[in-house]
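Counting from 1, position 331 in the first sequence corresponds to residue 687 in my numbering; the numbering is continuous, with no gaps. Below is one structure, written out as structure tokens, with a few remarks after it.
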Amino acid sequence: MSRPGPLSGFPEFLPADRIVEQHVLDTVRRVFELHGFASIETRAVEPLEQMLRKGEIDKEVYVLRRLHAPADEPDSGLGLHFDLTVPFARYVVQHAGQLEFPFRRHQVQKVWRGERPQEGRYREFTQADIDIVGRDTLAFHHEVEVALVMAEVFRALPMPRAEILVNNRKLAEGFFRGVGAEDPPAVLRAVDKLDKLGPSRVAELLQAEAGLSAGAAERCLALAGIRSADTSFVAAVRALGVEHPLLDEGLAELEAVVAAAAARMPGAVVADLKIARGLDYYTGTVYETRLVGHEDVGSICSGGRYDALATDGRTTYPGVGISLGVSRLLGVLVGRGLVRATRSVPSCVLVAVTDEASRERSEHVAGVLRARGIPTEVAPSAAKFGKQIRHADRRGIPFVWFPGAAGEPDSVKDLRSGEQGQADAGTWSPPEADRHPRVVRVDPTTPEEGTR
RNA sequence: GUGGGUGUAGCUCAAUUGGUGGAGCACCUGGUUGUGGUCCAGGCGGAUGCGGGUUCGAGUCCCGUCACUCACCCCA
């Protein structure tokens, strides 16, 4: 093969889109650290038995193997991590002696899953997680906190509105048991397909696969239909007349989360009693996030409360966390043309080169500009100025700098307006908005903005 | 992992019943003797994803494979 091709599920961006990606990563880190989450990174591999415990055998994990391993050598027992929560739980237990609790950390890393790729689903992708773990106990208010930190990230990014949907495992399980379900997880799986299959198909599933009576299925569907941005969902659940201690507990917790979130960031968090997703280690609050107008890509950010994930047998470290699917979000933002970078390179200025003999002069100008924090590159060749200008224009570099002839002042040209004027490298500054590439929303109602 | 659709130039697409692969955009050169985008003229550009098969002859038919994509599964 003469030209290498892409690898399914292992996406790569061109420079302009990478600028968008880095903007998202920078924003995520800035907001996380603004809230005091410390950064950690864990190794890419975990022991398989650690990752796959709790009977989750259907996880598609990539296993590590030495190329020259003899055929009869047992595998390494190591696999690439498929999320950041399980490695984090291991990390907490391993380093518990050196950590202060409650421990709040953020972690932005690649993860790998051996699934069949689709839009927004990759085999290698980046997640950005925040988690807070306590020793023995973890205050409830952190369940509100992590969701609102993510909401703040969404607000800081040029993206469609994101809705953090929240539910509670205890509420769901208590309700399902209250109507006589023997296999609450099966009920959850069926209810979760409500959006996709519709109520009548889900009612069939509930009876066929979860073993519910017709009446019980109907009440589960009624529960799944409940949704509110305030605490009015509590009365709606009560009106269904189901009784169970777990239900009471879950309902109270969800009410507290929604009330607190609504008070601090109205509209950011919505109680939605049909969401069920997340891994099976969640024990209470669960989150899932939809991009309004792009619900078809699924959740871009999810997580929840886990009481028993991290434990060394004697001490348990309950936690709550939420994970942003950076790659999935970017897949939508970039793939659907919702955002773009204002240019494809960091350079704000291209310094033209009059002739190779005077290249040093251009380099000097560039050095002065860079010292003042203005990203600058020097033209690669002393081609005709028309070519050098085009070099800049193609890349979206807004300014071209022309060193003056001996004794003459320099000048700088704004490629968008075409205006050119005298300038001194020691004092000239671009408009703040031009200094670095910006990531902006593309408004589909206005045509692509021209360069002039 | 299961099933369906697709795969022609950098991009978007053509190619009559299998009969020597074209166009637009982009790119390069010149008009424009150093200041881009418009216009005009000219030019470069492909072993039709890859491998095999059927045929006198395959972009076109068959098989395999890889990739993209949709649904399922699962989930960020």
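Using N, Cα and C, we set each Cβ at its ideal position, and we do this for glycine too.
Which whole-angstrom value describes the C-beta separation of residue i and residue j, a residue pair presumed to lie in contact below a C-beta threshold of 8 Å?
| i | j | result |
| --- | --- | --- |
| Ala580 | Leu550 | 5 Å |
| Ser679 | Gln483 | 5 Å |
| Val734 | Ile745 | Not confirmed; about 14 Å, so no contact. |
| Ala546 | Val535 | About 13 Å; that fails the 8 Å criterion. |
| Ser718 | Pro759 | 6 Å |
| Pro541 | Arg797 | Not quite, the Cβ-Cβ distance comes to about 40 Å (not below 8 Å), so this is no contact. |
| Leu521 | Ile582 | Going by Cβ atoms, the distance from Leu521 to Ile582 rounds to 12 Å, so no, they are not a contact pair. |
| Pro736 | Pro702 | Incorrect: roughly 16 Å between the Cβ atoms, too far for contact. |
| Val380 | Leu706 | Between Leu706 and Val380 the Cβ distance is about 27 Å, and since that is not below 8 Å, they are no contact. |
| Val362 | Tyr478 | Position check: residue 362 holds Pro in this sequence, whereas Val was assumed. Not confirmed; about 12 Å, so no contact. |
| Ala566 | Val543 | 5 Å |
Going straight from the alpha carbon of residue i to that of residue j, what length do you get?
| i | j | result |
| --- | --- | --- |
| Val590 | Ala528 | 13 Å |
| Arg684 | Leu420 | 25 Å |
| Val387 | Ala570 | 48 Å |
| Gly623 | Leu771 | 42 Å |
| Arg791 | Ala507 | 28 Å |
| Gly640 | Val593 | 17 Å |
| Ala761 | Ala748 | 21 Å |
| Pro765 | Arg517 | 49 Å |
| Gly723 | Leu694 | 36 Å |
| Glu805 | Gly660 | At Glu805 the pLDDT is 37, less than 50, meaning the model places this residue with poor confidence; the figure from the coordinates comes in the next sentence. So the two alpha carbons sit approximately 42 Å from each other. |
| Cys576 | Leu562 | 9 Å |
| Ser700 | Ala537 | 56 Å |
| Glu716 | Ser773 | 29 Å |
| Val471 | Leu689 | According to the sequence shown, residue 471 is Glu rather than Val. Straight-line Cα distance between these residues: approximately 22 Å. |
| Lys526 | Arg385 | 32 Å |
| Phe369 | Ile375 | 9 Å |
| Val768 | Ala372 | 24 Å |
| Phe531 | Val417 | 34 Å |
| Leu494 | Gly675 | 7 Å |
| Ile413 | Met621 | Note on Ile413: pLDDT 49, under 50, position unreliable in the model; the coordinate value appears next. Going by the C-alpha atoms only, they are around 39 Å apart. |
| Val598 | Glu605 | 13 Å |
| Gly691 | Tyr662 | 33 Å |
| Phe741 | Arg750 | 14 Å |
| Gln450 | Val795 | 40 Å |
| Pro803 | Leu390 | For Pro803, the predicted structure reports a pLDDT of 40, less than 50, and the residue's modelled location is therefore unreliable. A value from the coordinates is still provided. Roughly 37 Å between the two C-alpha positions. |
| Gly411 | Leu455 | Its pLDDT being 46, under 50, Gly411 is placed unreliably by the model, and the measurement read from it follows with that caveat. Rounded to the nearest angstrom, the two C-alpha atoms are 29 Å apart. |
| Asp428 | Asp636 | 35 Å |
| Tyr673 | Phe510 | 29 Å |
| Pro555 | Asp548 | 11 Å |
Would you kindly report the start and end of the unbroken beta strand (DSSP E) that includes residue i?
| i | result |
| --- | --- |
| Thr313 | Examination of residue 313 is not possible in this model, given that the chain is present from 357 through 808 alone. |
| Asp663 | 657-667 |
| Gly777 | 776-779 |
| Gly675 | 672-681 |
| Phe755 | 755-758 |
| Ile488 | 480-489 |
| Glu651 | That residue, Glu651, is in no beta strand (DSSP E); it is neither H nor E in DSSP. |
Nearest CA to the CA of residue i: which residue from the options?
| i | options | result |
| --- | --- | --- |
| Arg460 | Ala627, Glu471, Phe444 | Phe444 |
| Ala627 | Tyr447, Val648, Asn523 | Asn523 |
| Leu596 | Phe758, Gly365, Thr671, Ala572 | Ala572 |
| Val505 | Gly392, Gly782, Val768 | Gly392 |
| Asp485 | Phe496, Val502, Asp492 | Val502 |
| Ala617 | Val489, Arg491, His498 | His498 |
| Ser395 | Val464, Val448, Ser700 | Val464 |
| Gly365 | Glu456, Leu607, Val467 | Val467 |
| Thr671 | Glu471, Asp492, Pro473, Ile375 | Asp492 |
| Pro403 | Asp431, Ala608, Glu397 | Asp431 |
| Gly490 | Glu471, Ala452, Glu519 | Ala452 |
| Ile488 | Ser714, Arg692, Ala666, Gly606 | Ala666 |
| Arg646 | Arg715, Ser658, Tyr637 | Ser658 |
| Gly476 | Phe531, Glu574, Thr710, Val682 | Val682 |
| Val653 | Val721, Val442, Lys552, Glu456 | Lys552 |
| Val613 | Leu603, Tyr638, Asp636, Asp586 | Asp586 |
| Ala713 | Ala425, Ala738, Gly691, Glu519 | Ala738 |
| Gly677 | Ala427, Gly649, Val642 | Val642 |
| Thr398 | Pro367, Pro362, Leu436 | Leu436 |
| Lys743 | Gly729, Ala708, Gly752 | Ala708 |
| Phe481 | Ala400, Arg726, Pro793, Pro601 | Ala400 |
Which residue marks the beginning of the alpha helix (DSSP H) containing residue i, and which one marks its end?
| i | result |
| --- | --- |
| Cys576 | 570-580 |
| Lys769 | Run containing Lys769: none in the alpha helix (DSSP H); it sits in the beta strand (DSSP E), 766-770. |
| Ser588 | 588-594 |
| Arg511 | 498-512 |
| Ala748 | 741-751 |
| Ala789 | 788-791 |
| Glu402 | From DSSP, Glu402 is part of no alpha helix (DSSP H) but of the beta strand (DSSP E) over 401-403. |
- Message: Restricting to runs no shorter than 3 residues, where is the beta strand (DSSP E) found entirely within the region 600-628?
- Response: If we require 3 residues or more, the beta strand (DSSP E) runs fully inside the region 600-628 come out as 625-628.
- Which full runs of the alpha helix (DSSP H) of 4+ residues lie inside the region 516-575, going along the chain? Runs of alpha helix (DSSP H) with 4 or more residues, each lying fully within the region 516-575, are found at 525-534, 540-547, 550-553, 555-564, listed in chain order.
- Could you pull out every unbroken alpha helix (DSSP H) segment of at least 4 residues lying fully inside the region 435-474, listed in chain order? Runs found: 441-451.
- Query: In chain order, which continuous runs of the alpha helix (DSSP H) of length 4 or greater are located wholly inside the region 704-736?
  - Reply: Inside the region 704-736, DSSP marks whole alpha helix (DSSP H) runs of 4 or more residues at positions 715-727, from first to last along the chain.
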